[in-house]
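Please read the structure below before turning to the comments.
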Amino acid sequence: MIRQSVTRPLTTTSRAVLTRPFSAVAPRMAAGDTGATRPGGIQTSDSFQKREAAQEGLYIYEKEKEKLAALRKKIEEQRSHLNDLEKNLDEFTKGGEKK
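Just so you know, we're using the numbering used here here: the sequence shown kicks off at 1 and counts up by one.
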């Protein structure tokens, strides 16, 4: 009885191992699947690659445009702050001349 309880699980696991599918062939990949460039380099580009490059260029252009607008706004705020400081400085100096 003990012998059957010990040997039976071993035989069922060995059967499962033997009946599993076995493959010794490595999976084949195409040129684009591995992330490598296509044969011929940049010159061979299809319409999808051209469209993707155009979309990336447009995205970068829009982001740069937003950054420039934010910088211009910040410069304008700094200029107005400097103008306010100059007005305050002029008021202080004028007040001292009157005395």
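Yeah, the Cβ is synthetic: ideal placement off N, Cα and C, and Gly gets one too.
Expressed to the nearest angstrom, what Euclidean distance is found between the alpha-carbon atoms of Asp84 and Gln78? Numbered from 1 along the sequence shown, position 84 holds the residue referred to as residue 84. Numbered from 1 along the sequence shown, position 78 holds the residue referred to as residue 78. Between Asp84 and Gln78, the C-alpha separation is close to 10 Å.
Which value, in whole angstroms, describes the spacing of the CA atoms of Ile75 and His81? Position 75 of the sequence shown holds residue 75. Position 81 of the sequence shown holds residue 81. Those two C-alpha atoms are separated by around 10 Å.
Could you tell me the alpha carbon to alpha carbon distance between Lys99 and Asn88, rounded to whole angstroms? The sequence position of residue 99 within the sequence shown is 99, counting from 1. The sequence position of residue 88 within the sequence shown is 88, counting from 1. Below a pLDDT of 50, predicted positions are generally treated as unreliable, and Lys99, at 49, falls in that range; the measurement from the model is reported next regardless. Approximately 18 Å between the Cα atoms of the pair.
Helix, strand or coil for Lys99? Go by DSSP, reduced to three states. The sequence position of residue 99 within the sequence shown is 99, counting from 1. Residue confidence for Lys99 is low, a pLDDT of 49 falling below 50, so the modelled location carries little weight; the figure read from the coordinates is stated next. When secondary structure is reduced to three states using DSSP, Lys99 falls in the coil class, being assigned neither helix nor strand.
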